[in-house]
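Novice: Numbered by full-length UniProt numbering, the letters in the sequence shown go through residues 1 to 748 in order.
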Amino acid sequence: MLNQFGALLKKRALTPLLFSGQYGIEREGQRIDHQGQLQQTVLPFKAGHPYLRNDFARSQAEMVTDYFSSRQQTLNQLAALNAVLLRQLKAGEMLWPLSMPPKLGDLKAIKVAAPTKSAQRYRENIGKKYGYRMQMMSAVHFNFSLPEKLLRTLFETDYHDQFADHYIAFHNAVYLKLAQNYLRYRYVLTYLLGASPLAESDFFQQQPGPSEMVRSLHMSQKYGYDNVAAQQVSLSSLTDYVTDLQRLLKTHELQGPRELYAAVRFHGQSLAQLPQTGVHYLELRTFDLNPFAPAGLTATDFSFLQLFLAYLLVLPSTPQTDLNAQLKHGAALNEAIALESPLNVSQAQTQLAQFMAGLKQFMLDYQAPQALQNAWQLMQKRVEDYRQTPSYQLCQMSQNQSLQSWGIKQARTFKKQVTTACYQLPGYLSFPLTSQLILAAAFRRGINVQVLDSQSAILRLNQQVVLGNGQSSLNTQSATLLVQNRFATKTVLGQAGLPVPPGATYQEMTSAIQAFATLPQQPLVVKPKISAHGAGVTVLLSPNKTDFKMAAKSAFAYDSTIMVEPYLNGTIYRFLVIDEQVAAIAECTPANVVGDGRHTLATLVQLKNQKRGKQTPFSPLPLDQLTKFDLQQQGYNLQQVLPRGQQVYLRLAADFATGSDAIDVTKEMDTSYQKLALTAAKALKLKVAGINMVIANLYQPLVPEQSNMANILSVTAQPELAVHEVPFFGQGQPVTQQLLKVLFAATK
């Protein structure tokens with residue numbers, strides 16, 4: 001009935017939809033210490049967490065992605081969840097990278113996870129029924145649903161008569177065909193992706209294990225995650241599937257539908273109503289963890305599964321009279337491949353080569369996306385050379401029939417990768433650092449995350465929208481726009497009786513130059529009324545008309561109005577205000593280098609920049625005309641070699657965006673200045689603010705009558721969080737968590 005599926009896809013120009021769908025990943029993994037011992041501490045996530053939770057045992061963590069319409073979105077979130085999980089584990093804890101568990105030790109010491117009493121009873125029962133060893137295996141589950149547009153279009157144009165205008169019947173028939181073909185041909189995936197060639201020495205106690213290494217213990221029926229019930233549920237029709245499964249539940253052979261350890265499962269609104277309401281998605285359940293991938297699955301693995309599933313849709317349906325025989329043959333072939341030696345050519349080499357040849361012709365005929373074609377090419381190499389398969393490669397890593405040492409080393413490598421730069425979030429590295437920190441904190445808290453626009457890093461967290469610069473509903477649009485204007489900000493603060501620098505504004509170059517002669521002979525700051533990240537700001541230590549004209553020209557390049565203020569002595573500090581509290585304070589030390597007696601200033605900048613850059617909280621030190629000018633004002637040049645220990649500023653204006661160092665001083669700052677920052681935020685009606693203040697002595701309490709003790713220089717409504725979370729020096733402050741706590745106070 002569905003044998004013309006592929007031809008009709010071409011006829012209706014629907015082939016692009018053939019390679020799309022909705023995808024979700026579930027990835028399990030055992031927690032271990034550096035000796036490979038299971039770790040049974042309680043996971044640091046709330047019960048009912050949508051992304052991070054326990055599987056069977058307390059030692060077994062599980063990551064669950066949302067459903068996405070693209071491969072990259074799914075993998076991005078999986079990578080992020082993996083990083084968040086690993087970072088939240090205790091210092092000595094890691095994730096075991098293999099499907100077969102590490103050495104288990106005393107089974108009586110294994111604690112089942114117990115998020116609820118009913119869940120605890122269920123897990124204790126299946127532990128007794130199947131043995132703890134089987135439950136301690138870990139897998140990748142691949143959840144997949146077809147594009148509704150594809151099914152609807154084909155039904156309305158070609159299949160409505162055959163299915164008597166019953167769309168759900170057609171919809172279910174397509175999923176049934178896909179499941180049947182998957183069971184017939186999953187041996188291909190077992191060969192290509194199998195990665196559990198052996199078990200540790202204490203795994204096989206209740207039954208003898210294989211005498212030699214195999215392709216996949218976990219993906220086999222004999223040793224893997226399987227049960228008798230899976231063989232007792234028919235796939236002849238969806239109604240038969242439901243009837244058989246309900247019978248097993250009624251006779252208490254199964255506690256619930258999730259105890260059906262089949263290679264493929266149907267999911268819908270409810271089991272009883274599945275034939276009437278339709279299949280929502282297929283769960284493909286038995287994949288080995290890819291131990292060479294940090295999150296257990298690579299983009300190539302994913303792409304090949306997309307291609308594989310699309311091919312199954314256009315392959316002929318199995319005749320009903322021959323279905324059981326074909327499914328048994330597929331199961332037998334899968335078992336043979338799973339339990340054969342990975343150190344030799346497969347006994348099913350002919351079938352594998354034929355399948356891959358057919359798959360190649362299919363992807364060319366249907367113009368599969370390039371990523372899927374690239375995945376085929378890599379998998380084809382595995383068919384041509386068994387030494388390219390994961391199972392063979394793992395055999396080479398084993399020592400004395402054990403992967404314990406290799407698994408520990410790999411686990412340590414993967415954890416180091418995500419904990420070295422903890423301010424970055426894998427999967428979202430193109431996002432601004434503030435957005436990465438907010439995403440990581442949201443995943444930790446179990447907040448539903450949706451990326452509305454990846455290019456602009458616009459996020460929806462539950463019902464809250466957060467822009468790429470960290471702006472949220474906590475600040476009003478009017479307050480946000482106000483503080484972008486330096487002059488308006490200064491006016492509001494001055495009217496509130498808060499200390500701000502004196503100064504003047506100019507709308508024309510001529511008037512600014514004419515006014516220069518009337519300015520006091522002291523260091524000056526020339527800056528545009530509106531600009532971001534310190535752009536157009538120039539400090540003049542010994543102002544003259546030529547330099548002033550240059551500085552004014554630079555400022556006018558960013559705005560039609562410029563401001564001229566005295567350059568105030570003191571140190572600049574960034575006060576991060578969140579909901580009427582000072583969450584963190586960072587000293588903003590201007591871009592600088594420290595001499596070593598050997599290298600020139602230019603070389604020192606290059607050396608320091610090796611630790612700074614786009615994907616760190618610290619902007620690169622600038623090497624431009626303004627840098628040369630500021631050095632010249634101090635009597636230096638880039639070719640100069642500084643004495644050891646001597647510090648020189650590359651920029652006189654301090655700004656994190658132009659290479660300033662952030663030094664945490666949250667616990668050192670006198671409270672009087674914190675009160676001043678809070679008063680400023682309140683005057684500007686900002687719940688979240690970065691207050692930049694120049695202070696003569698952070699330890700000396702503020703005397704309001706002494707104007708030289710503190711002045712507010714500028715304010716931002718979108719403060720960078722990373723400089724406080726990961727300062728250049730000092731203790732990081734958990735400001736992102738505090739921001740989310742306030743943002744979701746109503747749903748706490």
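Every residue, glycine too, gets a C-beta built ideally from N, C-alpha and C.
1) What's the C-alpha gap between Q471 and F575?
2) What residue range is occupied by the uninterrupted alpha helix (DSSP H) comprising R445?
3) By how many angstroms is the C-alpha of T65 removed from the C-alpha of A746?
4) Thinking C-beta only, is L85 closer than 8 Å to A61?
5) According to DSSP, A230 sits in a beta bridge with which residue or residues?
6) Expressed to the nearest angstrom, what Euclidean distance is found between the alpha-carbon atoms of P590 and T679?
7) My assumption, with CB atoms under 8 Å, is that A696 sits in contact with M709. Please give the rounded CB distance.
8) Any chance the segment 497-509 sits against the segment 704-720, with 3 or more Cβ pairs inside 8 Å?
9) Apply the 10 Å Cβ neighbour rule to Q207 and answer buried if 16 or more other Cβ atoms are within range, or exposed otherwise.
10) Do the CB positions of K103 and D33 come within less than 8 Å of each other?
11) Is S69 helix, strand or coil by DSSP?
12) DSSP on V594, reduced to helix/strand/coil?
13) Classify V345 as buried or exposed, calling it buried when 16 or more other Cβ atoms lie within 10 Å of its own Cβ.
14) Can you list, in chain order, the residues of its chain whose CB lies under 7 Å from that of T300, leaving out five sequence neighbours each side?
15) Do you know whose CA, among A295, D288 and A262, lies nearest L282's CA?
16) Which residue's Cα is closest to the Cα of residue 752: T419, L684 and G645?
17) What do you get for K46, buried or exposed, if any count of 16 or more other CB atoms within 10 angstroms of its CB means buried?
18) State yes or no: is the C-beta of P342 within less than 8 Å of the C-beta of S402?
19) Here's the rule I'm using: 16 or more other beta-carbon atoms within 10 Å means buried, otherwise exposed. How should K11 be labelled?
20) Would you kindly check if the distance between the Cβ of I585 and the Cβ of L713 is under 8 Å?
21) Short of 8 Å in beta carbon distance, which residues of its chain neighbour R152, apart from the five on each side in sequence? Order them along the chain.
22) Ignoring anything shorter than 4 residues or poking outside the segment 509-543, list the alpha helix (DSSP H) runs there in chain order.
23) Rounded to a whole number of angstroms, what is the C-alpha to C-alpha distance between V641 and A552?
24) Of the residues L107, A677, Q35 and E124, which one's Cα is nearest the Cα of L95?
25) Less than 8 Å between the CB atoms is what I'm expecting for G278 and N400, so what's the real figure, rounded?
26) Can you give me the Cβ contacts of S619 inside the same chain, cut-off strictly under 7 Å, excluding the 5 residues immediately before and after it?
27) For the beta strand (DSSP E) holding A179, just list the boundary residues, first then last.
28) Short of 8 Å in beta carbon distance, which residues of its chain neighbour K117, apart from the five on each side in sequence? Order them along the chain.
29) Are A515 and G536 closer than 8 Å when you measure CB to CB?
30) Does C588 come out as helix, strand or coil in the three-state DSSP assignment?
31) For residue 749, does the count of other Cβ atoms within 10 angstroms reach 16, so buried, or fall short, so exposed?
32) Within the same chain, show all residues whose beta-carbon is closer than 8 Å to that of V735, passing over the 5 residues directly before and after it, in chain order.
33) Determine contact between the segment 320-327 and the segment 210-217, defined as no fewer than three beta-carbon pairs at a distance below 8 Å.
34) Looking at the secondary structure, which residues open and close the beta strand (DSSP E) in which M63 lies?
35) For R387, which three-state DSSP category applies?
36) Quick check on T538: buried or exposed, where buried means 16 or more other Cβ atoms within 10 Å of its Cβ?
Specialist: The structure says:
1) Rounded to the nearest angstrom, the two C-alpha atoms are 17 Å apart.
2) L433 to R445 is the span of the alpha helix (DSSP H), which, as asked, contains R445.
3) With a pLDDT of 45 at A746, under the threshold of 50, the predicted position of this residue should be treated as unreliable, and no value is reported.
4) With contacts defined by Cβ atoms closer than 8 Å, A61 and L85 form a contacting pair.
5) Looking at the DSSP output, A230 shares a beta bridge with no other residue.
6) Going from the Cα of P590 to the Cα of T679 covers about 26 Å.
7) Between M709 and A696 the Cβ distance is about 5 Å, and since that is below 8 Å, they are a contact.
8) Short answer: they touch.
9) Looking at its Cβ environment, which holds fewer than 16 other Cβ atoms inside 10 Å, Q207 is exposed.
10) Not closer than 8 Å, so no.
11) Residue state for S69 is assigned as coil, using DSSP reduced to three classes.
12) Strand at V594.
13) In summary, V345 is exposed, with fewer than 16 beta-carbon neighbours lying within 10 Å of its beta-carbon over all protein chains present.
14) Beyond the five residues adjoining it in sequence on each side, T300 comes within less than 7 Å, by CB distance, of A375 and L378 in the same chain, given in chain order.
15) With distances taken between Cα atoms, L282 lies closest to A262.
16) Residue coverage of the chain in this structure runs from 1 to 748, which leaves residue 752 outside it and unanswerable.
17) Classification of K46: exposed, given that the 10 Å Cβ count is below 16.
18) No, Cβ-Cβ distance for P342 and S402 is not below 8 Å.
19) K11 is exposed by the Cβ-count criterion.
20) At a Cβ-Cβ threshold of 8 Å, L713 and I585 do not count as neighbours.
21) If we look at R152 and ignore the five residues flanking it on each side, its Cβ neighbours are Y167.
22) Listed in chain order, they are 509-516.
23) Roughly 32 Å between the two C-alpha positions.
24) If you compare the alpha carbons of L107, A677, Q35 and E124 with that of L95, the shortest gap goes to Q35.
25) The pair is not a contact, with the Cβ atoms about 52 Å apart (cut-off 8 Å).
26) R612, F656, A657, T658 and G659.
27) Counting along the chain, no beta strand (DSSP E) covers A179; the unbroken alpha helix (DSSP H) around it starts and ends at Y167 to L193.
28) Within its own chain, no residue has a Cβ closer than 8 Å to the Cβ of K117 once the five positions on either side in sequence are excluded.
29) No, the pair does not count as a contact, with Cβ atoms beyond the cut-off.
30) Strand, per DSSP.
31) This structure cannot speak to residue 749, because the chain is shown only from 1 to 748.
32) Correct list, in chain order: L576, I578, A583, A584, L721, H724 and E725.
33) A contact is defined here as three or more CB-CB pairs under 8 Å, and the segment 320-327 fails this definition with respect to the segment 210-217.
34) Going by DSSP, M63 is part of the beta strand (DSSP E) stretching over Q60 to V64.
35) R387 falls in the helix class under three-state DSSP.
36) Around the beta carbon of T538, 16 or more other beta carbons sit within 10 angstroms, so the residue counts as buried.
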